[in-house]
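Input: a single structure, listed below in structure tokens.
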Ligand code: ATP
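Residue numbers (this note's numbering): 63 to 407.
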């Protein structure tokens, strides 16, 4: 079997015996664009810093390209990290900042100058080479930090909340740019974010963390469409849940419907995203439909969000581009079987 580029084995970190990252196993490969996604304090930055050699693990191992790097300092690892504050040298020009690492490593001057030119072009900063970081915008400084890290040709580039300091528009532009750079150079990128939309927009693989543990690893689509836990369901988007029971591999929502689902006999929750809930005539496409009443209507621009009540008083959300239904109206609601998922109650 092929060795993965990075393998984490039972990697864990406690600060003064308080666990920040519980023992976790994770593998990823050359070309992967990995997002470590989770709420504040879940251990994402600790995990990234262990990868980069900035935080020593309490236990476990880190293998990169088959080599055990667990106890190597940052500069001896095939990784490079872009920190949140960018960490640029204010007294050096953009060119000098970008050239810094390879210059210290003794790289040939002419070759280095050419590489800096190429790198400036890659991050679209050619005309800013002689400026000082203080004269650049946040997005430009971010690109210098990225260029400086990429100059070291790391096998794994680590980015800690790379766009946290940027406003929404610039953030989106930088996401697009980072994706293009990743495509052009084909390396392995790992970034930390608490923004699920950013993780889904950028990453080929998303690692969802909660309270120091990995909840799920998968593509953005997998974690959105098939979340494995209630936490993941709600962290990556809006979710409606219906209390249900699984028995003999069949799940039943009391008074509603049953369907096949393999797993142990226990109380479960059936999830469905508001935008997958069908209303009115559209319920013809759904596996099940119920009578319901509109109890609230919120105009959101591109969509209208309805709160819908079932006869037993259970309420849930439905969003749709059409907004003809009004508060008090009765209608039918439903969804396709492929749009529902089951998690432990
Ligand atoms: P954020 O998004 O807020 O940066 P995070 O998910 O990156 O959060 P970490 O910074 O890895 O989380 O922190 C995980 C836990 O470890 C938190 O409870 C934090 O308080 C604790 N922690 C992190 N660094 C240290 C430290 N140097 N000393 C003691 N505790 C720490």
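For each residue, glycine too, the CB sits at the ideal point set by N, CA and C.
Model, not experiment: these values are computed from the prediction.
Can you give me the start and stop residues for the alpha helix (DSSP H) that residue i sits inside?
i, result
"residue 295", "292 to 297"
"residue 161", "156 to 166"
Quick one: give me the first and last residue of the beta strand (DSSP E) that residue i is part of.
i, result
"residue 98", "95 to 99"
"residue 143", "141 to 144"
"residue 82", "80 to 90"
Would you list the one or two residues that DSSP bridges to residue i?
i, result
"residue 320", "314"
"residue 331", "305 and 405"
"residue 393", "354"
"residue 65", "BP columns for residue 65 are empty, so no partner."
Classify residue i as helix, strand or coil using the three-state DSSP reduction.
i, result
"residue 71", "strand"
"residue 188", "helix"
"residue 77", "strand"
Can you list, in chain order, the residues of its chain with a C-beta nearer than 7 Å to that of residue i? Leave out the 5 residues immediately preceding and following it.
i, result
"residue 317", "374"
"residue 223", "146, 254 and 255"
"residue 134", "115"
"residue 337", "381"
"residue 369", "357, 358, 377 and 379"
"residue 104", "271, 272, 273 and 274"
"residue 150", "159, 195, 203, 206 and 207"
"residue 226", "146"
"residue 282", "261, 262, 265 and 268"
"residue 119", "73, 74, 75, 112 and 132"
"residue 296", "none"
"residue 285", "268, 270, 278, 294 and 298"
Near residue i, which residues of its chain fall below 8 Å by C-beta distance, leaving aside the five closest residues on each side in sequence?
i, result
"residue 67", "90, 91, 92, 94, 126, 127, 217, 218 and 250"
"residue 72", "85, 86, 87, 121, 122 and 123"
"residue 181", "160, 209, 212 and 213"
"residue 388", "356 and 359"
"residue 310", "327"
"residue 237", "225, 260, 263 and 264"
Tell me which same chain residues have a C-beta within less than 6 Å of the C-beta of residue i, skipping the five on either side of it?
i, result
"residue 221", "144 and 253"
"residue 192", "155"
"residue 412", "Outside the shown range of the chain, which is 63 to 407, sits residue 412, and nothing can be said about it."
Step through the CB atoms of chain B and report whether any lies within less than 8 Å of the CB of residue i.
i, result
"residue 277", "Included in the structure is just one protein chain, with no chain B present."
Would you list, in sequence order, the uninterrupted beta strand (DSSP E) runs of no fewer than 3 residues that lie entirely inside the stretch 200 to 287?
Runs of the beta strand (DSSP E) inside the stretch 200 to 287: 218 to 222, 250 to 255, 267 to 272 and 275 to 280.
Restricting to runs no shorter than 3 residues, where is the beta strand (DSSP E) found entirely within the stretch 333 to 379?
Runs found: 350 to 361 and 366 to 371.
Please give the ranges of any alpha helix (DSSP H) in the stretch 104 to 138, keeping only runs that are unbroken, at least 4 residues long and fully inside the region.
The DSSP assignment places 106 to 114 as complete runs of the alpha helix (DSSP H) inside the stretch 104 to 138, in order along the chain (cut-off: 4 residues).
Test item, CB below 5 Å from any non-hydrogen atom of ligand 2
Absence of ligand 2 from the depicted structure is noted, with ligand 1 being the only ligands included.
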